[in-house]
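So that you can map any letter, position 76 of the sequence shown is 76 in the UniProt record's numbering, and since no number is skipped, the others follow by simple counting. A quick write-up on the structure given underneath.
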Amino acid sequence: MYVGRIVIIGGTKGRAWVGYRVSSRSFPNRKAKVRGDSVLVSPVDPLDLEKNPYIAYNCIRIAGKAAVVANGTHADMIGEKIADGTRPLEAIALSLIAFGYERDELSTPRIAGVVKGDRGWLGIARRDEIWAKEFDLSGDGAFMVATYEKTDFEEISLGGGSAGEIAKAAFEMDYEKPVCSAAAFDAGSDAGGDGCSGFSLAAYNPATR
């Protein structure tokens, strides 16, 4: 099954995390790169941006004690609203209303997630609907939404003890055309003062296939 981009929120032993995977049939030559308090997805060949402006964006962004994950530039708007004091559910909803679905040939939905403490949120902007929901992450568990086929919020079995483990697990999910993945993990005092307010970040880029 091809599901396109995947946003995941979860909790592992009281530690919240987000995961993201790029799956692509049209633009498989992309990579994820950690840049300070965010993870950037971008094409290996910058000329691909002339064909599709939606293929480069921060897929993960840290906003204080929250981690944001999304399949487009709305991740930045959500992060900025949370940093300004907006509640995560409202930040997701307002940003998805502002951006709407992608105006490509497939009317690709915009999807997003946030974790903060033991709570998580998912949102999706389809062509005909915008939906956002809050989840309890106090136990071990995870929830996902994707741009195609898996467009409802779904509980899944996925986790890990670090950002690197979660990014790899997200990449290895049993869906077609994986390209790269990324994750943020609330490592708390174990994060080592990397400027991410307790979150550690990881990008997973397998060797070119």
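All residues carry an ideal CB built from backbone N, CA and C; glycine is no exception. Everything numeric in this text was worked out from a predicted model, so none of it was measured.
DSSP-derived helix/strand/coil call for residue i
i, result
"A185", "It should be noted that the sequence gives Phe, not Ala, for residue 185. Three-state DSSP puts F185 in a strand."
"E172", "coil"
"S200", "strand"
"Y57", "strand"
"I6", "strand"
"A191", "Per-residue confidence for A191 stands at a pLDDT of 49, beneath the threshold of 50, marking its modelled position as unreliable; no derived number is given."
"G161", "coil"
"L47", "helix"
"L94", "helix"
Paired residues, beta bridge with residue i - DSSP
i, result
"E154", "M144"
"V115", "A67 and G120"
"I130", "A125"
"T86", "For T86, which the question treats as bridged, DSSP gives no partner whatsoever."
"I206", "Here residue 206 turns out to be Pro, not Ile, going by the sequence shown. The partner list for P206 (beta bridge, DSSP) is empty, contrary to what the question assumes."
Range of the contiguous beta strand (DSSP E) that encloses residue i
i, result
"P43", "S38 to P43"
"A32", "R30 to R35"
"A16", "R15 to S23"
Nearest candidate by alpha-carbon position, reference residue i, set the options
i, options, result
"E154", "M77, G161 and K133", "K133"
"F135", "P109, Y204, L89 and G161", "L89"
"P206", "P178, A184, D186 and S200", "P178"
"R127", "Y204, F99 and E50", "F99"
"Y51", "L94, K81, V22 and E105", "In the sequence as displayed, the identity of residue 51 is Lys instead of Tyr. Considering only alpha carbons, the answer is E105."
"I6", "F199, L201 and V18", "V18"
"S138", "M1, G4 and I9", "I9"
"P28", "F185, E176 and L201", "E176"
"A93", "R25, W131 and S107", "W131"
"E129", "K31, G164 and I111", "I111"
"D186", "L49, A202 and D48", "A202"
"M67", "T12, Y2 and K116", "Per the sequence presented here, residue 67 reads as Ala, with Met not at that position. Residue K116 is the option with its Cα nearest to A67."
"G198", "V41, G11, R15 and M1", "R15"
Extent of the continuous alpha helix (DSSP H) run through residue i
i, result
"L137", "From DSSP, L137 is part of no alpha helix (DSSP H); its letter is neither H nor E."
"M77", "H74 to A83"
CB contact check: residue i to chain D, cutoff 8 angstroms
i, result
"E154", "This model lacks chain D altogether; it includes just one protein chain."
Count Cβ pairs between the region 110 to 127 and the region 143 to 158 that sit closer than 8 angstroms; are there 3 or more? yes
Decide yes or no for the touch test of the region 35 to 42 against the region 55 to 64: beta carbon pairs closer than 8 angstroms, at least 3 of them. yes
Any contact of the region 70 to 86 with the region 39 to 59, i.e. 3+ C-beta pairs under 8 angstroms? yes
Inspect the CB distances between the region 78 to 92 and the region 160 to 171 and report whether three or more fall short of 8 angstroms. no
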